[in-house]
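The listed protein sequences correspond, in order, to chains V and S. Here this note's numbering is used: the first residue of the first sequence is 26, the next is one more, and so on. Here this note's numbering is used: the first residue of the second sequence is 369, the next is one more, and so on. Some notes on the structure that comes next.
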Amino acid sequence: MLVIRRRVGESFRIGEDIEIQILESTGGQVKIGIRAPRDVSVLRTEVWVTANQNKMAASVAVAESLTDTIVRQFFVSTPNSSSSSD
Amino acid sequence: MPQAQTQQFGPVDYRDEDAIEFPFGLPAFEEEHRFLAIERPQTKPLVYLQSLGRADLCFIALPLLVVDPTYKLAVSAEDLRILGLTDFLEQGTQPEIGKDLEALAIMSVTNSRPTANLLAPVLVRKSSLVRTGLQAIRGDNRYSHEQSWGGRV
Numbered sequence: 026m027l028v029i030r031r032r033v034g035e036s037f038r039i040g041e042d043i044e045i046q047i048l049e050s051t052g053g054q055v056k057i058g059i060r061a062p063r064d065v066s067v068l069r070t071e072v073w074v075t076a077n078q079n080k081m082a083a084s085v086a087v088a089e090s091l092t093d094t095i096v097r098q099f100f101v102s103t104p105n106s107s108s109s110s111d
Numbered sequence: 369m370p371q372a373q374t375q376q377f378g379p380v381d382y383r384d385e386d387a388i389e390f391p392f393g394l395p396a397f398e399e400e401h402r403f404l405a406i407e408r409p410q411t412k413p414l415v416y417l418q419s420l421g422r423a424d425l426c427f428i429a430l431p432l433l434v435v436d437p438t439y440k441l442a443v444s445a446e447d448l449r450i451l452g453l454t455d456f457l458e459q460g461t462q463p464e465i466g467k468d469l470e471a472l473a474i475m476s477v478t479n480s481r482p483t484a485n486l487l488a489p490v491l492v493r494k495s496s497l498v499r500t501g502l503q504a505i506r507g508d509n510r511y512s513h514e515q516s517w518g519g520r521v
């Protein structure tokens, strides 16, 4: 990872079109301003992670193997219904 | 009675008041605003979070406390406002799962093992006329988005 040290008010650029500016820094929190073309998606990392996780979770293959695996797990501990998992 | 078209179960009857409104959808599915939480006796406690707009969109979820009985919520001020739980904002406390809201963990598969997204639980407000839901993404890194889950109930 590239590491750059910047003070409040200073900025840096990524490529030709993107500018990142440090606006404020208080108590361990940093406020950042981003100037980028409209078609560049800017997401907090946790939102991006969740979006990707949701896409994967919604895929048919995942749904099928999950139902099987999870249901089997539950049925292992409930012997009365164990026959219906297979 | 309205009917949901689902790929998994075919047509499913539901009551309008059971539909959950997601004002902002879910990340990657922002345009899907209405879901149904389907539970079936033979797969309990599994919850199928079925989109009412897209028959082919259905998440498999488990109650958050089934995945992690010690889970501690950290719902942001913005999310509390969307859920209409502003009392907690003033008190500076967190809502209680089971009492104030229902919480689900969306399940997925990582390296052929079931995983739960504990970074971003789906929260549904209880006891309101309209059931409002959202995926509450944590700002801290206390929980993983792919917590392996192999527990038994």
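Built from N, CA and C at the ideal position, the CB exists for glycine as well. As the structure is a prediction and not an experimental result, all values here were calculated from the model.
Item                                                                                                                                                                      : Value
Taking CB distances under 9 Å as the criterion, tell me whether S:V477 reaches chain V.                                                                                   : yes
What does the alpha-carbon distance come out to for the pair V:N105 and S:Q410?                                                                                           : At V:N105, the pLDDT of 47 sits below 50, so the modelled position is not reliable; the number obtained from the coordinates is stated separately. Whole-angstrom Cα-Cα distance: 11 Å.
Does the Cβ-Cβ distance between S:C426 and S:T374 come in under 9 Å?                                                                                                      : yes
Does the Cβ of S:N526 have 16 or more other Cβ atoms within 10 Å, making it buried, or fewer, making it exposed?                                                          : Nothing can be reported for residue 526 of chain S, as the shown portion of chain S is limited to 369 through 521.
In the DSSP assignment, what are the bridge partners of S:Q515?                                                                                                           : S:A484
Can you give the Cα-Cα distance for V:S84 and S:A423, rounded to whole angstroms?                                                                                         : 13 Å
Give me whichever residues DSSP pairs with S:R390 in a beta bridge.                                                                                                       : The sequence shown places Phe at residue 390 of chain S, rather than the Arg named in the question. S:F390 is not bridged to any residue.
To the nearest angstrom, how far is the alpha carbon of S:I474 from that of S:R499?                                                                                       : 18 Å
Kindly identify the DSSP beta-bridge partner or partners of S:T381.                                                                                                       : Going by the sequence as given, residue 381 of chain S is Asp instead of Thr. Note: S:D381 sits in a beta bridge opposite S:Q371.
For S:L417, write down the residues that DSSP places opposite it in a beta bridge.                                                                                        : S:A405, S:F427
Under a Cβ-count criterion, where at least 16 other Cβ atoms within 10 Å of its own Cβ denotes burial, should V:S66 be classed as buried or exposed?                      : exposed
With burial defined as no fewer than 16 other Cβ atoms inside 10 Å of the residue's Cβ, what is the status of V:V74: buried or exposed?                                   : buried
Specify the secondary structure class of V:T51 as computed by DSSP and reduced to three states.                                                                           : strand
Closer than 6 Å by C-beta to S:I428: which residues in its own chain qualify, once you throw out the five before and the five after it? Chain order, please.              : M475
Taking CB distances under 9 Å as the criterion, tell me whether S:F427 reaches chain V.                                                                                   : yes
Please list the segments of the alpha helix (DSSP H) lying wholly inside the region 49-87 of chain V, counting only runs of 4 or more residues, in order along the chain. : 70-82
Along chain S, which residues have their Cβ under 8 Å away from the Cβ of V:E61?                                                                                          : The sequence as given places Ala at residue 61 of chain V; Glu does not occur at that position. In chain order: nothing, as chain S lies at least about 20 Å away.
Give a yes or no on whether the minimum CB-CB distance between S:T374 and chain V is below 9 Å.                                                                           : no
At what residues does the beta strand (DSSP E) containing S:T478 begin and finish?                                                                                        : 469-478
Among S:L472, S:V492, S:L469, S:S444, which has the Cα closest to the Cα of S:G460?                                                                                       : S:S444
Can you check whether the C-beta of V:R31 is within less than 9 Å of a C-beta belonging to chain S?                                                                       : no
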